[in-house]
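Written out below as structure tokens is the structure these notes cover.
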Amino acid sequence: MIYVLDTGMASLNNPRPRVSVCVMTYNQKDYIGQCLQSLVDQVVNFDFEIIVGDDCSQDGTAGVVRDFSNRYPKLIHPIIHEKNIGVFCNYWSVHLAARGEYIAHMDGDDYALPGKLVEQVEFLDENITCVMCGHDMTLVRDGSVIKTKRAIYPEVSTIKSFLLYGNFVPHSSSMYRSAFRLTPNQFNEFMIDFQLHVARVGNDYIGYINKPLGVYRIVNDGMVSGYYNSVKSFNSNVAAIDQIESVVGSVALIDRALFKLCFVWIKNLIVARRRDLAEEVFNNKSISRFSFWRRLFLRSVLFFSPIFAIAFRIKRKFRF
């Protein structure tokens, strides 16, 4: 069941906002206040709304959300779920409630930097062929900045860019045109942001602002809670790449993207001491399309996993 906030139709008394910011949160009491304050403090020349979906948090997150809603009743619209409905339903509860011309997404433990909304709106206004856009995000762990700049990505590109660079659009940086809003019946409950981006862009264009306009907070050693506890998210990534193949049709690029995906997952699972799941990834049917040498490389990573685990952890610890 998808819970949707009844925000009402746009009217003279309730005009449609230019932007809707959809915030998802669950047990993020220590972070959600900074997230919402960073959005409230945005200096804009248009109307916008903030829709916050709290998935029945048990740590007081809902109280923080209600406090902000009471202080900014015309700006913040809370959807407080009385029972836990999961990430999938919580996502759709806020995105289907959005009334804005442009819809932005933000996770409750991330936050916006000054100018984010204005710069993204101006970008989409100027680049009418782009159905969505993203931007750089500063990476923070335990309050310390660990990375301020990512690689330079094309300002405007096609879905092919996801094969060249992977999922280079952080979810909390995405803003899309409401005309390209998706529906829950297009996905299963293990939906990930990569699938959303791919389905939304299709044969159209994606934009990117090579400037940090938000902060991504790394929690639990950089692994999203539950993300590496099974291979379901890996399978969702594979499904997204398969969907790109139907549009692009380049076998070489698809193989390269799948190989990179498999390596990253095997590496992260080894670091997380989940060799059993790394074996599941290696045994995925997508591996069979690789050359002998690529399969041998991945097998060697598994075989020497204790050594690689130490090397990967050292690299992560001293990565700046």
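The sequence shown: position 52 = 187 (our numbering), numbered continuously. Built from N, CA and C at the ideal position, the CB exists for glycine as well. Note that the coordinates shown come from a computational prediction; the quantities given were computed from them, not determined experimentally.
>> Can you tell me where the beta strand (DSSP E) holding Leu433 begins and where it ends?
In response: It is not in any beta strand (DSSP E) - Leu433 instead sits in the alpha helix (DSSP H) that spans Phe427 to Phe438.
> Could you give the distance in angstroms between the alpha-carbon of Ile344 and the alpha-carbon of His216?
Replying inline: Each residue's alpha carbon lies about 34 Å from the other.
> From this set, Ser313, Gln163 and Asn302, which residue's C-alpha is nearest Asp245's C-alpha?
Replying inline: Gln163
> Are the segment 410-424 and the segment 392-402 touching, with three or more C-beta to C-beta distances below 8 Å?
Replying inline: yes
> In this structure, what does DSSP give as the bridge partners for Asp271?
Replying inline: Pro347
> Just reading off the alpha helix (DSSP H) that Ala374 is part of, what are its end residues?
Replying inline: Lys367 to Val383
>> Using C-beta distances below 8 Å, list every residue in its chain close to Phe329, excluding the 5 sequence neighbours before and after it, in chain order.
In response: Phe297, Asn302, Ser371, Asn372 and Ala375
> Do Asp271 and Lys346 have their C-beta atoms within less than 8 Å of each other?
Replying inline: yes
> What are the start and end residues of the alpha helix (DSSP H) that includes Val154?
Replying inline: Bounds of any alpha helix (DSSP H) do not take in Val154; it lies within the beta strand (DSSP E) bounded by Val154 to Thr160.
> Among the residues of its own chain, which have a CB less than 6 Å from the CB of His332, if the five just before and after it don't count?
Replying inline: Val304
> Less than 8 Å separating the beta-carbons of Val154 and Gly243?
Replying inline: Contact flag unset, no.
> How is Phe183 classed by DSSP in three states: helix, strand or coil?
Replying inline: strand
> Where do the N-terminal and C-terminal ends of the beta strand (DSSP E) with His240 fall, by residue?
Replying inline: Tyr237 to Asp242
> Could you give the C-beta distance for Val291 and Asn262, rounded to a whole number, given that I count them as a contact under 8 Å?
Replying inline: Their Cβ separation, rounded to whole angstroms, is 6 Å, which keeps Val291 and Asn262 in contact under 8 Å.
> In terms of residue numbering, what span does the alpha helix (DSSP H) encompassing Arg201 cover?
Replying inline: Thr196 to Arg206
> Just the Cα atoms here: how many angstroms apart are Ile326 and Ser307?
Replying inline: Going by the sequence as given, residue 326 is Met instead of Ile. One Cα belongs to Met326, the other to Ser307, and the distance between them is close to 16 Å.
> Any contact of the segment 252-260 with the segment 195-213, i.e. 3+ C-beta pairs under 8 Å?
Replying inline: Contact between the segment 252-260 and the segment 195-213 is absent, because fewer than three Cβ pairs lie under 8 Å.
> So, is Arg316 buried or exposed, given that buried needs 16 or more other C-beta atoms within 10 angstroms?
Replying inline: exposed
> Since Arg391 is in the alpha helix (DSSP H), which residue starts that stretch and which ends it?
Replying inline: Val386 to Val406
>> Assuming the contact rule is C-beta atoms closer than 8 Å, Arg201 and Met267 should be a hit. Round their C-beta distance to whole Å, please.
In response: Their Cβ separation, rounded to whole angstroms, is 31 Å, which puts Arg201 and Met267 out of contact at 8 Å.
>> For a test of the three-state rule: what should DSSP assign to Ile287, helix, strand or coil?
In response: coil
> Whose CA, out of Ser440, Ile211 and Ala392, lies closest to the CA of Val406?
Replying inline: Ser440
>> Against chain B, does Pro152 count as a neighbour if the rule is that its beta carbon must be under 8 Å from one of theirs?
In response: Going by chain labels, chain B is absent from the structure shown, which holds only one protein chain.
> Among residues of its own chain, excluding the 5 on either side of His212, which ones have a beta-carbon nearer than 8 Å to its beta-carbon?
Replying inline: Leu140, Thr142, Glu184, Ile185, Ile186, Val187, Ser204 and Ala232
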